[in-house]
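The structure under discussion appears below in the form of structure tokens.
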Amino acid sequence: MKCGLLGEKLGHSYSPQIHSELADYEYKLYEKAPDEVEDFVRNGDWHGLNVTIPYKKTVIPFCDELSDTARAIGSVNTLLRRPDGTIFGDNTDAFGFETLLDSTVKTDIAGKKALVLGTGGASVTVCAVLRARGAVVVPISRSGEDNYDNLDRHEDAAIVVNATPVGMYPKNGVSPVELDVFPRLEAVLDVVYNPARTALLMQAEARGIPCAGGLTMLVAQAKRSAEIYLGHTLPDSELKRITALLSHGMQNIVLVGMPGCGKSSVGRRLAERLGRPLLEADAEIEKAAGLTIPEIFEREGEQGFRRRESAALRELGKRSGTVISTGGGCVTRPENYAPLHQNGTIVWLRRDLNCLAREGRPLSLNADLSAMYAVRKPLYERFADLTADNSGTLEETVDAILEVLR
Numbered sequence: 012m013k014c015g016l017l018g019e020k021l022g023h024s025y026s027p028q029i030h031s032e033l034a035d036y037e038y039k040l041y042e043k044a045p046d047e048v049e050d051f052v053r054n055g056d057w058h059g060l061n062v063t064i065p066y067k068k069t070v071i072p073f074c075d076e077l078s079d080t081a082r083a084i085g086s087v088n089t090l091l092r093r094p095d096g097t098i099f100g101d102n103t104d105a106f107g108f109e110t111l112l113d114s115t116v117k118t119d120i121a122g123k124k125a126l127v128l129g130t131g132g133a134s135v136t137v138c139a140v141l142r143a144r145g146a147v148v149v150p151i152s153r154s155g156e157d158n159y160d161n162l163d164r165h166e167d168a169a170i171v172v173n174a175t176p177v178g179m180y181p182k183n184g185v186s187p188v189e190l191d192v193f194p195r196l197e198a199v200l201d202v203v204y205n206p207a208r209t210a211l212l213m214q215a216e217a218r219g220i221p222c223a224g225g226l227t228m229l230v231a232q233a234k235r236s237a238e239i240y241l242g243h244t245l246p247d248s249e250l251k252r253i254t255a256l257l258s259h260g261m262q263n264i265v266l267v268g269m270p271g272c273g274k275s276s277v278g279r280r281l282a283e284r285l286g287r288p289l290l291e292a293d294a295e296i297e298k299a300a301g302l303t304i305p306e307i308f309e310r311e312g313e314q315g316f317r318r319r320e321s322a323a324l325r326e327l328g329k330r331s332g333t334v335i336s337t338g339g340g341c342v343t344r345p346e347n348y349a350p351l352h353q354n355g356t357i358v359w360l361r362r363d364l365n366c367l368a369r370e371g372r373p374l375s376l377n378a379d380l381s382a383m384y385a386v387r388k389p390l391y392e393r394f395a396d397l398t399a400d401n402s403g404t405l406e407e408t409v410d411a412i413l414e415v416l417r
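First residue of the sequence shown: 12, per this note's numbering; consecutive thereafter.
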């Protein structure tokens, strides 16, 4: 069986990995220009196709039959070539969003106001699902009656769903709205899955509002597509397993801790054990500046170094599936938390102060480490998702981190 993903510009896609976990069939990426789509759909050598932007409406005229869901929404993201050669079109994005919604919102949403940011293809599907659940749905556009300049009229919103690409890699760190406008929010959802935590979701997280990104939706729609291709259902447990597998692989492991606590050596070994790239913040800073860390301190002072460090962390934090070793003082700037947290599990590496290496570290070379630690300890606690002790051997430390991550 030959399956794949049809789109105009696909770049990196997680779909091949997801489908390889779901079933044993070929799954390729098919990048096609607009004038190639009809011939490929009608005559190409494929059995099942997922369809992504901008072709979810384009392929509808090429279908001999549509599912009720696809017809109602006016969007097709799954094609099946039947044995008689006819083409069946379905929309599994709706099932994907239903799964995301049900995994996050545990209460009845009937009668509650739901704001859907955007009016594109993803928005149409999201709106259809929410309306079917009885929500009062308000799409938000740039220039329509309900827009980003009059959001205050919707302060009673219970749910916000971002159905736009705002905040998606590589334009991380941008949120389509500020959540302070909505004091009665019960849930925030984002169809974006890279980064794992968009700026919108981190706002919700900071306010204690249930929230989730689009990875569950991505895997769920793929599972339903695979069932259409195969002609039989797959275990529901596959959804949870594959989502966890992807989430683990996409997450960065970010090491923070006092200067000289062993972040570089632990990071290097972690990267070797996991087969991941190691990204060292200090090395990236030196590369960008064309200067060593001591030279930067000498010429620009600590403030100059911290500005360069924050710029480096904003870029490093956009990456996925890496090990990141940070400088000991990165936690002193609160703005560094979001870039590291968006795709990362932050590990505070602890070590006895008497065992910390000082050589080549401008701030700790002649410093009172006890006083420095007293200031930084609550900052490490605020940043960290978990802690690891680095008082034993390197392998013991790495084993302990990997065990907790599992």
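C-beta: ideal position from N, C-alpha, C; glycine also.
Just grab the DSSP bridge partners of residue i for me.
i, result
"Ser152", "Asn158"
"Phe99", "Glu76 and Leu91"
"Val171", "Leu126 and Val199"
"Ile264", "Val334 and Thr356"
"Val38", "Before going further, note that residue 38 is Tyr rather than Val in the sequence given. Partner(s): Cys14."
"Glu19", "For Glu19, which the question treats as bridged, DSSP gives no partner whatsoever."
"Leu289", "Val334"
"Val147", "Lys124"
Out of the options, which one is the CA nearest neighbour of residue i?
i, options, result
"Asp50", "Lys39, Thr69 and Tyr36", "Thr69"
"Thr136", "His23, Arg195, Ile120 and Lys67", "Lys67"
"Ile120", "Ala198, Ile98, Asp56 and Leu77", "Ala198"
"Val62", "Asp56, Asn54 and Lys43", "Lys43"
"Thr110", "Val409, Thr333, Leu226 and Gly219", "Leu226"
"Tyr38", "Asp46, Val386 and Ile29", "Ile29"
"Arg208", "Tyr159, Gly224 and Ala139", "Gly224"
"Tyr159", "Gly96, Glu189 and Met228", "Glu189"
"Gly96", "Gly131, Ala125, Val127 and Asp56", "Asp56"
"Phe108", "Ala233, Thr130 and Asp379", "Ala233"
"His352", "Tyr391, Ala368 and Glu76", "Tyr391"
"Gly338", "Gly332, Arg318 and Ser331", "Arg318"
"Val334", "Cys366, Leu413, Glu297 and Met383", "Leu413"
"Ala292", "Glu19, Gly278, Tyr25 and Gly286", "Gly278"
"Ala143", "Arg153, Ser154, Leu112 and Ser152", "Leu112"
"Ser331", "Thr175, Met261, Ala294 and Ala395", "Met261"
"Met12", "Gly59, Glu76, Arg280 and Ile220", "Gly59"
"Gly132", "Asn88, Leu141 and His165", "Asn88"
Go ahead and label residue i buried or exposed: buried means 16 or more other beta carbons lie within 10 angstroms of its beta carbon, across all protein chains shown.
i, result
"Pro150", "buried"
"Gly301", "exposed"
"Thr408", "buried"
"Gln314", "exposed"
"Val116", "buried"
"Cys341", "buried"
"Ala105", "buried"
"Gly22", "exposed"
"Lys123", "buried"
"Val386", "exposed"
"Arg93", "exposed"
"Ala146", "buried"
"Ser402", "exposed"
"Asp247", "exposed"
"Gly178", "buried"
"Val415", "exposed"
From the DSSP output, in three-state form, read off residue i for me.
i, result
"Ser331", "coil"
"Gly312", "helix"
"Ile220", "coil"
"Leu200", "strand"
"Lys13", "strand"
"Val358", "strand"
"Ala133", "helix"
"Lys43", "coil"
"Ser186", "coil"
"Thr398", "strand"
"Asn61", "strand"
"Glu166", "coil"
"Val48", "helix"
"Gly107", "helix"
"Asn205", "coil"
"Pro305", "helix"
"Pro350", "helix"
"Cys272", "coil"
"Pro181", "coil"
"His30", "helix"
"Pro176", "coil"
"Leu229", "helix"
"Asp119", "coil"
"Pro389", "helix"
"Thr343", "helix"
Count the CB pairs spanning the segment 336–348 and the segment 318–326 that are closer than 8 Å, and state whether there are at least three. yes
Specify whether the segment 229–239 and the segment 25–39 touch according to this definition: at least 3 beta carbon pairs, one from each stretch, less than 8 Å apart. yes
Do the segment 186–197 and the segment 77–97 touch if we need at least three Cβ pairs shorter than 8 Å? no
Taking three-plus beta-carbon pairs below 8 Å as touching, is the segment 265–274 in contact with the segment 356–364? yes
Touch test, the segment 200–215 against the segment 177–188, Cβ-Cβ under 8 Å, three pairs minimum: yes
Does the segment 162–174 come close enough to the segment 123–133 to have 3 or more Cβ pairs within less than 8 Å? yes
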